[in-house]
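Numbering (the working numbering), first residue to last: 474 to 584. The beta carbon of each residue, even a glycine, is placed where N, CA and C say it ideally should be. This report concerns only the one structure given below.
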Amino acid sequence: MKLHLLMMSYALRVVGRALFGDAVEDKVAVLDELVPEASFITRRRMFRPFQVPIGYPYPGNGKARRLRDAQYAVVDDILNRTETAMTQAHCFLTMQLVLEAQHKAQSPLLT
474 MKLHLLMMSY ALRVVGRALF GDAVEDKVAV LDELVPEASF ITRRRMFRPF
524 QVPIGYPYPG NGKARRLRDA QYAVVDDILN RTETAMTQAH CFLTMQLVLE
574 AQHKAQSPLL T
């Protein structure tokens with residue numbers, strides 16, 4: 474389990490730095506705490522006998538909503554700092570990487 478969390482942290486750092494530069498570095502520790510807990514709650518919600526939208530007042534949705542809002546706040550902060558600090562060339566590189574990733578995700582695995 475620790476190896477999985479360590480690899481997730483490294484992946485977050487590598488992808489975060491590639492896409493957002495140094496703006497993500499101070500938020501990695503916060504996301505390291507939020508992501509595993511949010512993943513656990515998401516898996517638990519997936520196996521409910523009936524699916525309740527996260528916005529409905531239902532026992533268990535409160536924690537999921539708080540975690541989601543905390544993650545959104547961290548990502549919004551990263552994006553706000555990145556938009557003000559990112560050069561045009563870096564923006565272009567980021568968009569190119571995103572488009573390439575989307576293209577690879579949509580292409581068939583076996584060609």
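- DSSP places I514 in the uninterrupted alpha helix (DSSP H) bounded by V501 to M519.
- Boundaries of the alpha helix (DSSP H) around F493: K475 to F493.
- Taking C-beta atoms as the reference points, L540 and I514 count as a pair closer than 8 Å.
- Excluding five sequence positions before and after L507, the CB atoms of its chain that fall closer than 8 Å to its own CB belong to L540, A543, Q544 and V547, given in chain order.
- When DSSP states are grouped into helix, strand and coil, Y531 belongs to the coil group.
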